[in-house]
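Start counting the sequence shown at 6; every next residue gets the next number (this note's numbering). Glycine included, each C-beta is placed from N, C-alpha and C at the ideal position. Note that the structure is predicted; figures quoted are calculated from it, not measured.
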Amino acid sequence: MQELHDAPLAPLTTFRLGGPATRLVTAVTDDEVIATVREADDAGTPLLIIGGGSNLIIGDKGFDGTALRIATKGFSLDGTSLELAAGEIWTDAVARTVEAGLAGIECLAGIPGSAGATPIQNVGAYGQEVSSTLTEVVAYDRSTGRTVTLTNADCGFSYRHSRFKRHPERWVVLRVRFALEDAQGLSAPLKYAETARVLGVGPGDRVPVETARDTVLKLRAGKGMVLDPEDHDTWSAGSFFTNPILTDREHAEFVARVRARLGDEVTPPGFPDGEGSTKTSAAWLIDRAGFTKGYGTGPARISTKHTLALTNRGAATTEDLLALAREVVAGVQEAFGITLVNEPVTVGVSL
Numbered sequence: 006m007q008e009l010h011d012a013p014l015a016p017l018t019t020f021r022l023g024g025p026a027t028r029l030v031t032a033v034t035d036d037e038v039i040a041t042v043r044e045a046d047d048a049g050t051p052l053l054i055i056g057g058g059s060n061l062i063i064g065d066k067g068f069d070g071t072a073l074r075i076a077t078k079g080f081s082l083d084g085t086s087l088e089l090a091a092g093e094i095w096t097d098a099v100a101r102t103v104e105a106g107l108a109g110i111e112c113l114a115g116i117p118g119s120a121g122a123t124p125i126q127n128v129g130a131y132g133q134e135v136s137s138t139l140t141e142v143v144a145y146d147r148s149t150g151r152t153v154t155l156t157n158a159d160c161g162f163s164y165r166h167s168r169f170k171r172h173p174e175r176w177v178v179l180r181v182r183f184a185l186e187d188a189q190g191l192s193a194p195l196k197y198a199e200t201a202r203v204l205g206v207g208p209g210d211r212v213p214v215e216t217a218r219d220t221v222l223k224l225r226a227g228k229g230m231v232l233d234p235e236d237h238d239t240w241s242a243g244s245f246f247t248n249p250i251l252t253d254r255e256h257a258e259f260v261a262r263v264r265a266r267l268g269d270e271v272t273p274p275g276f277p278d279g280e281g282s283t284k285t286s287a288a289w290l291i292d293r294a295g296f297t298k299g300y301g302t303g304p305a306r307i308s309t310k311h312t313l314a315l316t317n318r319g320a321a322t323t324e325d326l327l328a329l330a331r332e333v334v335a336g337v338q339e340a341f342g343i344t345l346v347n348e349p350v351t352v353g354v355s356l
């Protein structure tokens, strides 16, 4: 277990932003993770959990407390049952399941971060969500001081949300378990229209699992959503805002505002999201409110490849990033009456 003081946190995040932590502990075993958490809790010391840092916005002043970087390792594949230590690199784990010919998480390829973070956000992309294949989460419960195993149903999953996100001070994820599918080398049925279109197949069809993974990686790279230290479009947290979910009344008001602003012939994207709810596209809202690709003149700008990604062009501060985010939120609210919600977790700052 490594311990540093006045330790920079920016290099541990994909934004490469944020000030130092009073103390940084890197834990490589579950026991080290638990011991560090217990020590901080017993002393009343603020605690920040860091995995891959791909969903964190840390304030310029840093973190006055103990930052715990979870760097545990462990990949176990037994038939179609997969167990990952929280510190496993997610993209590497996906690659190994694809190499084994198993389906279920291949369309989550290229998502940066650690395995332990995936259930917290209920990570999803290109028609797949972690909640669709996850069976159990092993976590340390800070409220009881015990290690517990939660089933999929216990996790309270919804769109980009979970029990862990709802109560961030309670749970520390240690291990995640999945039930994958042996489809004789084929992918899970494709649910995302763009993926199916690029592959020349229909929604619900299957393709070789490697083909599905490679296609998703190409699509993500084209949007700056695959980490590349030389490409500032990837100095981001990926999608900065979640797609808004509207009630029937809110959706009707939204459509009316779109037509008043853009003309009767314009129909905004809408996708059924359960009874009485419609999901619309945050990227569409941002673009149509006037924040196009590459928007901005300062060191924090919208990606040149995707309007949903806010980026650090190399010399930004966290305040630069937040100023841009607030401008986008205000512009979309004024144009369409919808308040965007940030997806990344903020530490010491807020929108």
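Residue i lies in the alpha helix (DSSP H); which residues open and close that run?
i	result
Ala261	Asp253 to Leu267
Gln7	Looking at the DSSP string, Gln7 is not in any alpha helix (DSSP H); the run it does join, the beta strand (DSSP E), is Gln7 to Pro13.
Arg43	Asp35 to Ala48
Glu93	No alpha helix (DSSP H) holds Glu93; DSSP gives it neither H nor E.
Arg28	Element bounds for Arg28: not the alpha helix (DSSP H) but the beta strand (DSSP E), Pro25 to Ala32.
Arg165	Counting along the chain, Arg165 falls outside any alpha helix (DSSP H), and DSSP gives it neither H nor E.
Lys223	Val214 to Gly227
Asp4	What the structure shows of the chain is the stretch from 6 to 356, and residue 4 is not part of that stretch, so it cannot be assessed.
Arg202	Ala198 to Leu204
Nearest to residue i by CA position, among the options, is which residue?
i	options	result
Thr351	Arg318, Ala98 and Ile62	Ile62
Ser163	Asp269, Asp278 and Glu44	Asp278
Arg165	Met6, Ser244, Leu327 and Gly23	Ser244
Glu141	Ala120, Leu14, Glu215 and Thr41	Ala120
Thr316	Ala45, Gln7, Asp236 and Asp35	Asp236
Met6	Ala105, Thr102, Lys284 and Ile75	Ile75
Glu258	Glu111, Gln338 and Ile307	Gln338
Ala320	Thr252, Leu356, Trp240 and Val263	Trp240
Ala45	Val260, Pro349 and Thr71	Thr71
Thr3	Thr102, Leu89 and Gly106	Lying outside 6 to 356, the shown extent of the chain, residue 3 is not represented and no answer is given.
What does the alpha-carbon distance come out to for the pair residue i and residue j?
i	j	result
Gly115	Val221	8 Å
His311	Met230	9 Å
Glu199	Ile291	20 Å
Ser86	Ser136	15 Å
Leu73	Val38	8 Å
Asp47	Ala40	10 Å
Gly299	Asp83	45 Å
Gly342	Arg293	13 Å
Arg43	Gly161	25 Å
Leu195	Ala98	20 Å
Leu326	Arg182	35 Å
Asp146	Asp36	14 Å
Glu270	Ala261	12 Å
Leu204	Asp238	26 Å
Thr31	Ile54	10 Å
Glu255	Lys284	11 Å
Phe246	Gly58	17 Å
Considering only their Cβ atoms, is the gap separating residue j from residue i smaller than 9 Å?
i	j	result
Ala91	Gly129	no
Ala340	Arg266	yes
Lys78	Val33	yes
Thr344	Pro208	no
Val178	Ile94	no
Thr138	Ala184	yes
Ala144	Thr154	yes
Glu186	Gly132	no
Ala328	Gly295	no
Leu9	Arg21	no
Ala288	Leu313	yes
Ser286	Pro273	yes
Asn60	Pro349	yes
On the CB-based measure, 16 or more other CB atoms within 10 Å of its CB, does residue i come out buried or exposed?
i	result
Phe169	buried
Ala158	exposed
Gln189	exposed
Gly150	exposed
His172	exposed
Asp233	exposed
Lys228	buried
Val333	buried
Ser359	This structure cannot speak to residue 359, because the chain is shown only from 6 to 356.
Pro117	buried
Glu280	exposed
Quick check on the DSSP output: the beta strand (DSSP E) that includes residue i runs from which residue to which?
i	result
Trp176	Trp176 to Ala184
Asp83	Phe80 to Asp83
Arg2	What is shown of the chain runs 6 to 356, which leaves residue 2 out entirely.
Thr71	Phe68 to Ile75
Val352	Val350 to Val352
Ala144	Leu139 to Asp146
Leu61	Leu61 to Ile63
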